[in-house]
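Trainee: Protein chains in written order, with our numbering: chain R, 1 to 105; chain A, 106 to 557. We put the CB at the ideal spot given by N, CA and C, even for glycine. Submitted below is the structure of interest, expressed as structure tokens.
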Amino acid sequence: MKALHEIAYARSGDKGSSANIAVFARTPGMYEWLRENLTAGVVEEFFRPLGVGTVVRFEVPNLEALNFILPAVLGGGGSRALRIDAQGKTLGQALLEMKVDPPET
Amino acid sequence: MLRIANASAFWGDQPDAAARVLAALPDLDYLTLDYLAEVSLSIMAAQRERDPEAGYARDFVGVVGSLVPLWRAGSGCRIVTNAGGLNAEGCARAVLATLAAAGLWRMRVAIVTGDDVLHHVRDGAPLTNLETGEPIDGIRPRVATANAYTGAAPIAEALKAGADIVITGRTADPSLTVGPCIVHYDWKPDDWNRIAGATVAGHLIECGTQACGGFSTDWLDVPEPENIGYPVAEISEDGSCVITKPPGTGGKVNVQTVKEQLLYEIGDPGKYLSPDATVSFLTIRVSEEGADRVSVSGATGKPPPESLKVSATYRDGYRAHGMITIFGHDAVRKARRAGEAVIKRLANAGFTYDRHLVECLGTGASVRGLVSRMSDTHLLETVLRISVADPSREAVERFTKEIAPLVTCGPQGVTGYAHGRASVVPVFGYWPTLMPRALVRTSWKFVNGGVA
């Protein structure tokens, strides 16, 4: 098993009480694996403890990237949420800790 | 080729960034400075309540002062910024005073207004929340600000008339870059692909150093973070651009840093909505064309939506956060117990809160529940962070007095309390909505300093 950050990089940010996480393949071959395995359902399950809504995924093949929208994950958003990360700055780093099992390349 | 740099990603960014960029690139065409995040305007509204002359990003006046020596030395760099916030005219007057004091009488300052649509909210406009679908009526009496994201057109007009500094309110961030492009290249209003390209360039530089290695996944590999460069977009007539950074700066511009920023805070990449165009990112090509030089081309554009996005904020009580450090064996158990004790003690004194939260930083509190708590027992140190929110200012005020006593009544090994009491801050809820363009009348004008 590997951590997702070994095969991908990411960046997250906020939009109101939602956040987005863009995940980028580190190598061209890995994009296909990510596309098949890092589904909206997998990401939604991962972030369930934070109270995320239905995750939507957009494919961005020209950037070898997947963009995930995570509704309601910020508990009220930048202005209202009490938690230390009210703006989703850490969500990309959190997802990159996910354990994955891609084929050796 | 048009060179536009950014030197401020938000209200509170590095104060010497603009002067450093211009010192390295004295023949730069434009500097853009972004000061407004989703709820910045509500903070400005609170400042303006105390002082009618306030209500804008005062930091920008300091930036103008820092650029005086560079303009005196011959730089012709023009500035486009949303520092005006809720009071662009007040901001312009302060800027003109700074310029006059430096003898720069000939520089012309223009403001763009019309983004403030609070009067429509007060007049009963039937608005719907973009995220929840709820009508505005429930919060209407508490709405503090309502500002439409306006576009590049009035900025372009002001620049065309000869403005050296254009100060706007809630202009969409990329439009600060699109405006200068429209003037420089004389693009037609329906040159959608070109405007899309400039919008992408503006989006890439609007967060400052985030395009140059800041905030990147592989930040440990980014050289010289203490001297990180701010981004420069070299924009061509076809709307494509090269993202780079000033010579002699740290940081890194490569395909990875640019791709990360391209999708930062983006929804549907096939439909990026700005007031100037609807942009597809799905046709963009990103490639390295040299050291710290990344080419970005191929963005495609369509007409913008008929409605403009409006950010409203509403008063939602008060909050405060208190922090204290706890060291020793069982640090996390001690911290949680101390946090709960504070909340209980307040309850016994008759103070309860709408919402409260006890966090132990160092245990994965940023994403509570995702990181296993197995490691808690092994932590020798944690930062206890206690937060409360309530409509009663008095209750929140009382909370701020209950943190320091933990030094003597809490566990042994409490430290890090020397920074004084937590402060009570007003909470502003964010309320996004849409408004027909016809209801948002933007205009621009030159502001005179009142000094001959």
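Roughly how many whole angstroms lie between the Cα atoms of L511 (chain A) and A436 (chain A)?
Mentor: For this step, residue 511 (chain A) is matched to residue 406 along the second sequence. For this step, residue 436 (chain A) is matched to residue 331 along the second sequence. Rounded to whole angstroms, L511 (chain A) to A436 (chain A) spans 14 Å at the Cα level.
Trainee: Taking 9 Å as the threshold (beta carbon to beta carbon), is H582 (chain A) in contact with chain R?
Mentor: As shown, chain A starts at 106 and ends at 557. That puts residue 582 (chain A) outside it, with no answer to give.
Trainee: Would G323 (chain A) pass as an interface residue toward chain R - the criterion being a Cβ-Cβ separation below 9 Å?
Mentor: As a position in the second sequence, residue 323 (chain A) is number 218, starting the count at 1. One detail in the question is off: residue 323 (chain A) reads as Asp in this sequence, not Gly. Yes, D323 (chain A) lies at the interface with chain R (some Cβ there is under 9 Å from its Cβ).
Trainee: Within 9 Å of any Cβ in chain A, is that where the Cβ of R80 (chain R) sits?
Mentor: If you number the first sequence from 1, residue 80 (chain R) lands on position 80. Output row for R80 (chain R): interface = yes.
Trainee: Using a cut-off of 8 Å between C-beta atoms, extract the partners of T27 (chain R) located in chain A.
Mentor: Along the first sequence, one-based indexing puts residue 27 (chain R) at 27. Those within 8 Å of T27 (chain R) in chain A number zero; the least Cβ separation is about 12 Å.
Trainee: For the segment 427-444 of chain A and the segment 370-380 of chain A, state whether three or more C-beta atom pairs, one from each stretch, are separated by less than 8 Å.
Mentor: no
Trainee: I want to verify the contact list: residues of chain A whose CB lies under 8 Å from the CB of R11 (chain R), in sequence order.
Mentor: Within the first sequence, the letter at position 11 stands for residue 11 (chain R). Per Cβ cutoff of 8 Å: F320, S321, T322, E365, Q366, L368 and Y369.
Trainee: Please state if the CB of Y161 (chain A) and the CB of S416 (chain A) are separated by a distance shorter than 9 Å.
Mentor: As a first step, residue 416 (chain A) must be located in the second sequence, where it is residue number 311. As a first step, residue 161 (chain A) must be located in the second sequence, where it is residue number 56. At the C-beta level, S416 (chain A) and Y161 (chain A) stay beyond 9 Å of one another.
Trainee: Using three-state DSSP, classify V472 (chain A) as helix, strand or coil.
Mentor: Counting from one through the second sequence, the residue named residue 472 (chain A) turns up at place 367. Under the three-state reduction of DSSP, V472 (chain A) is assigned to helix.
Trainee: Tell me where the beta strand (DSSP E) around I69 (chain R) begins and ends.
Mentor: Your numbering for residue 69 (chain R) matches position 69 in the first sequence. That run of the beta strand (DSSP E) goes A65 to L70.
Trainee: Identify the contact partners of P374 (chain A) in chain R, using a Cβ-Cβ distance below 7 Å as the criterion.
Mentor: Along the second sequence, one-based indexing puts residue 374 (chain A) at 269. Within chain R, the residues F58, V60 and N67 have their CB atoms less than 7 Å from the CB of P374 (chain A), given in chain order.
Trainee: Which residue wins for smallest C-alpha separation from N99 (chain A), given the options A:A112, A:E143 and A:R503?
Mentor: A query on residue 99 (chain A) cannot be resolved here, the shown segment of chain A reaching from 106 to 557 and no further.
Trainee: Around the Cβ of P240 (chain A), are there at least 16 other Cβ atoms within 10 angstroms (buried) or fewer (exposed)?
Mentor: The residue you call residue 240 (chain A) lines up with position 135 of the second sequence. Flag for P240 (chain A) reads exposed.
Trainee: Return the chain-ordered list of same chain residues with a C-beta closer than 6 Å to the C-beta of L50 (chain R), the five sequence neighbours on each side being excluded.
Mentor: Numbered from 1 along the first sequence, position 50 holds the residue referred to as residue 50 (chain R). V73, listed in sequence order.
Trainee: Flag E104 (chain R) as yes if its beta-carbon sits less than 9 Å from any beta-carbon of chain A, otherwise no.
Mentor: If you number the first sequence from 1, residue 104 (chain R) lands on position 104. Cβ-Cβ to chain A under 9 Å: no for E104 (chain R).
Trainee: Between which residues of its own chain and K15 (chain R) is the CB-CB distance below 7 Å, once the five residues before and five after are set aside?
Mentor: To locate residue 15 (chain R), count along the first sequence from 1; it is residue 15. So no residue of the chain qualifies.
Trainee: Between which two residues does the alpha helix (DSSP H) harbouring W33 (chain R) extend?
Mentor: As a first step, residue 33 (chain R) is located in the first sequence; it is residue number 33 there, counting from the start. That run of the alpha helix (DSSP H) goes P28 to N37.
Trainee: Is DSSP giving T354 (chain A) helix, strand or coil here?
Mentor: Residue mapping note: residue 354 (chain A) aligns to position 249 of the second sequence, counting from 1. T354 (chain A): coil per DSSP, three-state reduction.
Trainee: Return the bridge partner residues of N111 (chain A) from the DSSP annotation.
Mentor: Indexing the second sequence from 1 puts residue 111 (chain A) at position 6. Partner(s): A:T137.
Trainee: In angstroms with no decimal places, state the Cα-to-Cα distance between A110 (chain A) and R490 (chain A).
Mentor: Position 5 of the second sequence, counted from the start, is the residue given in the question as residue 110 (chain A). Position 385 of the second sequence, counted from the start, is the residue given in the question as residue 490 (chain A). Looking at the two C-alpha atoms, the distance is approximately 38 Å.
Trainee: Just checking, does the segment 168-185 of chain A make contact with the segment 218-238 of chain A on the three C-beta pairs under 8 Å criterion?
Mentor: By the Cβ rule, the segment 168-185 of chain A does not count as touching the segment 218-238 of chain A, because fewer than three pairs are nearer than 8 Å.
Trainee: Output, in sequence order along the chain, the residues in the segment 154-169 of chain A whose CB is closer than 7 Å to any CB in chain R.
Mentor: none
Trainee: Which one of A:D373, A:G355, A:T273 and A:K449 has the shortest CA to CA distance from M463 (chain A)?
Mentor: For the purposes of this step, residue 463 (chain A) is taken as residue 358 along the second sequence, with counting starting at 1. It is Val, not Met, that sits at residue 463 (chain A) in the sequence shown. The shortest C-alpha separation from V463 (chain A) is found at A:K449.
Trainee: Alpha carbons only, please: which of A:S145, A:E143 and A:D121 is nearest the one belonging to G167 (chain A)?
Mentor: Taking the second sequence and counting its residues from 1, the one referred to as residue 167 (chain A) is at position 62. Of the candidates A:S145, A:E143 and A:D121, the one whose C-alpha sits nearest the C-alpha of G167 (chain A) is A:D121.
Trainee: Who are the neighbours of E330 (chain A) on chain R, taking C-beta pairs under 9 Å?
Mentor: Counting from one through the second sequence, the residue named residue 330 (chain A) turns up at place 225. Rather than Glu, the amino acid found at residue 330 (chain A) in this sequence is Pro. Within chain R, no residue comes near P330 (chain A); the closest Cβ sits about 17 Å away, beyond 9 Å.
Trainee: For the segment 376-394 of chain A, enumerate the residues whose C-beta is nearer than 8 Å to any C-beta of chain R, in chain order.
Mentor: F386, L387, T388, I389, R390 and V391
Trainee: From the DSSP output, read off the bridge partner residues of S385 (chain A).
Mentor: Residue mapping note: residue 385 (chain A) aligns to position 280 of the second sequence, counting from 1. A:T405.
Trainee: List the residues of chain A whose Cβ lies closer than 7 Å to the Cβ of T90 (chain R), in chain order.
Mentor: Walking along the first sequence from the start, residue 90 (chain R) turns up at place 90. Residues of chain A passing the Cβ test: S471 and V472.
Trainee: Could you check whether the Cβ of I84 (chain R) sits closer than 9 Å to any Cβ belonging to chain A?
Mentor: If you number the first sequence from 1, residue 84 (chain R) lands on position 84. Yes, its Cβ sits closer than 9 Å to a Cβ of chain A.
Trainee: If you draw a straight line from the C-alpha of K439 (chain A) to the C-alpha of P157 (chain A), how long is it?
Mentor: Translated into the one-based positions of the second sequence, residue 439 (chain A) becomes position 334. Translated into the one-based positions of the second sequence, residue 157 (chain A) becomes position 52. Cα to Cα, the separation comes out at about 47 Å.
Trainee: Who are the near neighbours of R526 (chain A) in its chain, counting only those whose CB is closer than 6 Å to its CB and skipping five residues on each side?
Mentor: On the second sequence, position 421 is the one that residue 526 (chain A) refers to. Once the five neighbours on either side are set aside, the close Cβ partners of R526 (chain A) are T505.
Trainee: Is any beta-carbon of chain R found at less than 9 Å from that of E464 (chain A)?
Mentor: As a first step, residue 464 (chain A) must be located in the second sequence, where it is residue number 359. With 9 Å as the cut-off, E464 (chain A) counts as an interface residue toward chain R.
Trainee: Any beta carbon from chain A within less than 9 Å of D101 (chain R)'s own beta carbon?
Mentor: On the first sequence, residue 101 (chain R) is found 101 positions in, with the first residue counted as 1. With 9 Å as the cut-off, D101 (chain R) does not count as an interface residue toward chain A.
Trainee: Alpha carbon to alpha carbon, how far is G427 (chain A) from A543 (chain A)?
Mentor: Taking the second sequence and counting its residues from 1, the one referred to as residue 427 (chain A) is at position 322. Taking the second sequence and counting its residues from 1, the one referred to as residue 543 (chain A) is at position 438. In a straight line, the C-alpha of G427 (chain A) is about 46 Å away from that of A543 (chain A).
Trainee: Since L34 (chain R) contacts A25 (chain R) with CB under 8 Å, what's their CB separation in whole angstroms?
Mentor: Residue 34 (chain R) sits at position 34 when you count from the first residue of the first sequence. Residue 25 (chain R) sits at position 25 when you count from the first residue of the first sequence. With a Cβ gap of about 6 Å, L34 (chain R) and A25 (chain R) count as contacting.
Trainee: In terms of residue numbering, what span does the beta strand (DSSP E) encompassing P531 (chain A) cover?
Mentor: Translated into the one-based positions of the second sequence, residue 531 (chain A) becomes position 426. P531 (chain A): member of the beta strand (DSSP E) spanning V530 to P541, first to last residue.
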